[in-house]
Amino acid sequence: MLINDHFQNYKSYGIPKAQLVLVDIPYNVSKNAYGSNPAWYIDGDNKKGQSKLAGKSFFNTDNDFRISEFLHFCSKLMKKEPKAKGQAPAMIVFCAFDQQFEIIEKAKRYGINGYINLVFRKKFSAQVLKANMRIVGNAEYALLLYRNKLPKFNNNKKMIFNVMDWKTDDKKSVLYEKIHPNQKPIRLLKKLIKIFTDPGDVVIDPAAGSGSTLIAAEALGRKAYGFEINKTFFSQAQEWIAKCRLFRDEMTGFANSKILMDKKQFGLWDKN
Ligand SMILES: C[S@@+](CC[C@H](N)C(=O)[O-])C[C@H]1O[C@@H](n2cnc3c(N)ncnc32)[C@H](O)[C@@H]1O
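Note that the working numbering has the sequence shown beginning at 63, numbered continuously upward.
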């Protein structure tokens, strides 16, 4: 279920508490969104002059995202700490490198005392304009946050390194859509959801963008809820979710209409 509202209004919707809050917050980069990205220039070539993305933000709330307020609401969205071991809820917050320190400190005010930093290694860098510094960023950062008890963890009792490869989606899949400038790959989200939840658990993305988290969670049989305030992202996300569900129903024999997709295209919506 995707709601076109601020996550601050979550109470009105009576949604169940989350085993996992999985979110990618605005990085507060404002008008510098494309600052180190070739997209700042026409065809990525600075000799051709600036493109229409120069000096633009990714979206209109990417300048004043209040971390304390966000953590306060997320702490309410998470399930209570259970008595049983290995069942505690968690939050995964994708964020800018610098935001990690503020999040770790401020989370403690809301009883979220534990954290593990996660690093995702990409095979590319969006910081090509910094190439003259020789070192360019190819990492994405996230924090795994929890109150006191270690979160539910499914990996056949095997450890997982905190540096992981950035799994990308098959862009040729008929189910693939590019909706959001900060869109996270479904394959990567699925990997995280499988580790920290079981089928039937609730996953909430309070800043859902393209709806990628909801698609990943639903494909894995989790209950998915999200909020998105931007009307354009919200309606595009709704359409994408509907398209994926139609495909699933066709594959499982519940659809009324035939959408003529190849089984090999299952990709984004399968259980892997
Ligand atoms: C970094 S993007 C998320 C991208 C998403 N993970 C994806 O894969 O498409 C953050 C989103 O949060 C939304 N947002 C910002 N403040 C919000 C709020 N208070 N309530 C709900 N959504 C919010 C923005 O409109 C933006 O689309």
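Every residue, glycine too, gets a C-beta built ideally from N, C-alpha and C.
Residue from the options whose Cα sits closest to the Cα of residue i
i, options, result
"Gln162", "Met140, Asp86, Asn218", "Asp86"
"Asp77", "Tyr89, Leu64, Leu84, Pro88", "Looking at the sequence shown, residue 77 is not Asp but Ile. When each option's Cα is compared against that of Ile77, the closest is Leu64."
"Glu337", "Ala269, Cys306, Glu167", "Summary: the structure shown does not reach residue 337, with the chain confined to residues 63 through 334, and so no result is reported for it."
"Asn217", "Phe127, Asn292, Asp260, Leu330", "Asp260"
"Ser187", "Gln81, Lys168, Gly199", "Gly199"
"Gln189", "Tyr103, Glu312, Tyr238, Gln149", "Tyr103"
"Lys114", "Asp126, Phe127, Asn99", "Asn99"
"Gln70", "Phe127, Gly176, Asp105, Phe295", "Phe127"
"Tyr89", "Ile174, Gln298, Ile165", "Ile165"
"Phe258", "Ala150, Lys118, Gly106, Asp105", "Ala150"
"Asp267", "Val83, Tyr72, Asn66, Met221", "Val83"
"Ile129", "Leu180, Asp160, Lys333", "Asp160"
"Lys219", "Glu312, Gly148, Asn108", "Gly148"
"Lys142", "Leu282, Ala101, Tyr172", "Tyr172"
"Asn334", "Ile178, Asp105, Leu282", "Leu282"
"Leu180", "Pro144, Leu330, Phe223", "Phe223"
"Gln245", "Met221, Arg196, Ile197, Gln298", "Gln298"
Status (buried if at least 16 other CB within 10 Å, exposed otherwise) for residue i
i, result
"Tyr75", "exposed"
"Asp263", "buried"
"Val225", "exposed"
"Tyr287", "buried"
"Asp227", "exposed"
"Gln24", "Residue coverage of the chain in this structure runs from 63 to 334, which leaves residue 24 outside it and unanswerable."
"Ala278", "buried"
"Ile321", "Reliability of the predicted coordinates at Ile321 is poor, the pLDDT of 49 falling under 50, and the value obtained from them is presented with this limitation in mind. Exposed, by the Cβ-count rule."
"Lys214", "buried"
"Asn167", "This sequence places Glu at residue 167; Asn is not what is there. By the neighbour-count rule (16 or more Cβ atoms within 10 Å), Glu167 is not buried but exposed."
"Gln112", "exposed"
"Glu202", "buried"
"Phe309", "buried"
"Glu239", "buried"
"Ile174", "buried"
"Pro144", "exposed"
Secondary structure of residue i, DSSP reduced to three states
i, result
"Glu239", "coil"
"Ala270", "coil"
"Glu312", "helix"
"Glu290", "coil"
"Glu202", "strand"
"Leu64", "strand"
"Ala80", "strand"
"Asn108", "helix"
"Phe132", "helix"
"Ile257", "helix"
"Lys285", "strand"
"Ala152", "strand"
"Asn179", "strand"
"Leu8", "In the structure as shown, the chain begins at 63 and stops at 334. Residue 8 is therefore absent and cannot be evaluated."
"Pro213", "strand"
"Tyr103", "strand"
Supposed contact pair residue j and residue i - C-beta distance, whole angstroms, cut 8 Å
i, j, result
"Lys229", "Pro243", "Going by Cβ atoms, the distance from Lys229 to Pro243 rounds to 19 Å, so no, they are not a contact pair."
"Lys79", "Met140", "6 Å"
"Val265", "Arg249", "The pair is not a contact, with the Cβ atoms about 16 Å apart (cut-off 8 Å)."
"Ala269", "Phe289", "7 Å"
"His68", "Ile241", "Not a contact, Cβ separation roughly 20 Å."
"Leu133", "Ala158", "Not really, about 15 Å apart at Cβ, beyond 8 Å."
"Asn29", "Lys293", "Since the first residue of the chain shown is 63 and the last is 334, residue 29 is not available in this structure."
_Three CB pairs or more closer than 8 Å across the stretch 230-243 and the stretch 253-263_ = Counting Cβ pairs under 8 Å, fewer than three are found: no touch.
*Any chance the stretch 290-308 sits against the stretch 259-275, with 3 or more Cβ pairs inside 8 Å?*
yes
*Is the number of C-beta pairs between the stretch 206-214 and the stretch 146-163 that are closer than 8 Å three or more?*
yes
*Contact between the stretch 179-186 and the stretch 127-143 (3+ Cβ pairs under 8 Å)*: The stretch 127-143 and the stretch 179-186 do not touch, with fewer than three beta-carbon pairs separated by less than 8 Å.
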